[in-house]
Amino acid sequence: MRTMNVDSRGTACPGPITDLIRAYKKAENGDIIVLIANDPGAVPDSKAWCEQTKNVFVGSKDMEDYFEITIQVAGKRL
Amino acid sequence: MSEKGLAIVISTGTEEKMVMLGVLTQTAVNLEMPLRIFVTGTALKLFLKDGYKKEPIPPEGFPEFMKELRDGLARVKFEGWHELLKNAVKEGGVKVYACSLMSSALNKHKEDFDPMIEDIVGATNFMIQSAESQIIVL
Numbered sequence: 003m004r005t006m007n008v009d010s011r012g013t014a015c016p017g018p019i020t021d022l023i024r025a026y027k028k029a030e031n032g033d034i035i036v037l038i039a040n041d042p043g044a045v046p047d048s049k050a051w052c053e054q055t056k057n058v059f060v061g062s063k064d065m066e067d068y069f070e071i072t073i074q075v076a077g078k079r080l
Numbered sequence: 515m516s517e518k519g520l521a522i523v524i525s526t527g528t529e530e531k532m533v534m535l536g537v538l539t540q541t542a543v544n545l546e547m548p549l550r551i552f553v554t555g556t557a558l559k560l561f562l563k564d565g566y567k568k569e570p571i572p573p574e575g576f577p578e579f580m581k582e583l584r585d586g587l588a589r590v591k592f593e594g595w596h597e598l599l600k601n602a603v604k605e606g607g608v609k610v611y612a613c614s615l616m617s618s619a620l621n622k623h624k625e626d627f628d629p630m631i632e633d634i635v636g637a638t639n640f641m642i643q644s645a646e647s648q649i650i651v652l
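Taken in order, these protein sequences are the chains called P and X.
Letter by letter, the first sequence follows residues 3 to 80 in this note's numbering.
Letter by letter, the second sequence follows residues 515 to 652 in this note's numbering.
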């Protein structure tokens with residue numbers, strides 16, 4: 003299991019999700035992706051994407067200047 | 515992922531609608547949703563060869579707003595609708611079609627269009643292809 007950090011600060015919809023999915027394509031089940039973004043849609047969009055793709059939305063933190071979103075990869079087809 | 519596709523009809527090529535088209539297209543790629551785009555009306559001229567390089571068409575009545583929006587989009591590194599569509603077509607799953615009525619009326623042929631245009635098709639072809647899809651009209 004590894005942790006992948008994705009910095010999408012400065013981009014807006016759909017930039018953070020595009021960056022998240024780019025990282026996801028390189029990830030394996032069990033990996034953690036930490037996405038940081040300041041677009042206000044990044045948290046609800048990440049949640050919806052996790053539900054849709056059967057990945058785990060671990061949580062999000064509001065860090066004032068940006069959001070830190072943690073996802074556990076679980077939706078990769080074996 | 516989603517088996518259900520999406521279809522977008524873009525008929526007005528004003529700047530803010532082209533931004534929306536770019537955003538929806540990239541989102542469809544992200545969600546692995548098959549997407550068909552049907553280009554008609556005034557949007558057609560933007561899909562002619564090098565049409566995207568011409569001055570954008572601002573929506574009437576919003577000159578100041580559009581300037582602010584344009585600056586803001588540059589700040590948030592918006593890639594531009596043409597770049598987003600071009601990459602989406604390259605990645606697969608997205609097909610862009612030009613309206614045959616408008617193409618005939620303007621005497622435009624396949625070779626007159628941007629290479630991203632898959633084909634010139636009529637409404638029947640588009641509707642049959644999109645029968646199972648959710649359709650968004652911009």
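Don't be surprised by glycine CBs; every beta carbon is placed ideally from N, CA and C.
The Cβ neighbour count for X:I642, taken over all protein chains shown within 10 Å, is under 16; the residue is labelled exposed.
Here the alpha carbons of X:P577 and X:I571 stand approximately 10 Å from one another. Neighbours of P:T72 in chain X, taken as residues whose beta carbon is under 9 Å from its own, are absent, since the nearest beta carbon is some 19 Å off. Ranked by Cα distance from X:H623, the first of X:G519, X:Q540, X:T528, X:L558 is X:L558. Closer than 9 Å at the C-beta level to chain X, one finds these residues of the region 8 to 27 of chain P: G12, T13, A14, C15, P16, G17, I19, T20, L22, I23.
CA-to-CA, the gap between X:S614 and P:A50 works out to about 37 Å. Counting of Cβ neighbours within 10 angstroms places P:D9 among the exposed residues, the total staying below 16. Taking 4 residues as the minimum length, the alpha helix (DSSP H) runs contained wholly in the region 575 to 637 of chain X are 577 to 589, 595 to 605, 614 to 619, in order along the chain.
In this structure, DSSP gives X:L535 a helical state, which the three-state scheme calls helix. Out of P:L22, P:P16, P:A14, the CA that lies nearest to the CA of P:M6 is found in P:L22. Relative to the Cα of X:E569, the nearest Cα in the group X:V610, X:R584, X:A637 belongs to X:R584.
Following the DSSP letters along the chain, one finds P:D9 inside the beta strand (DSSP E) bounded by residues 5 to 9.
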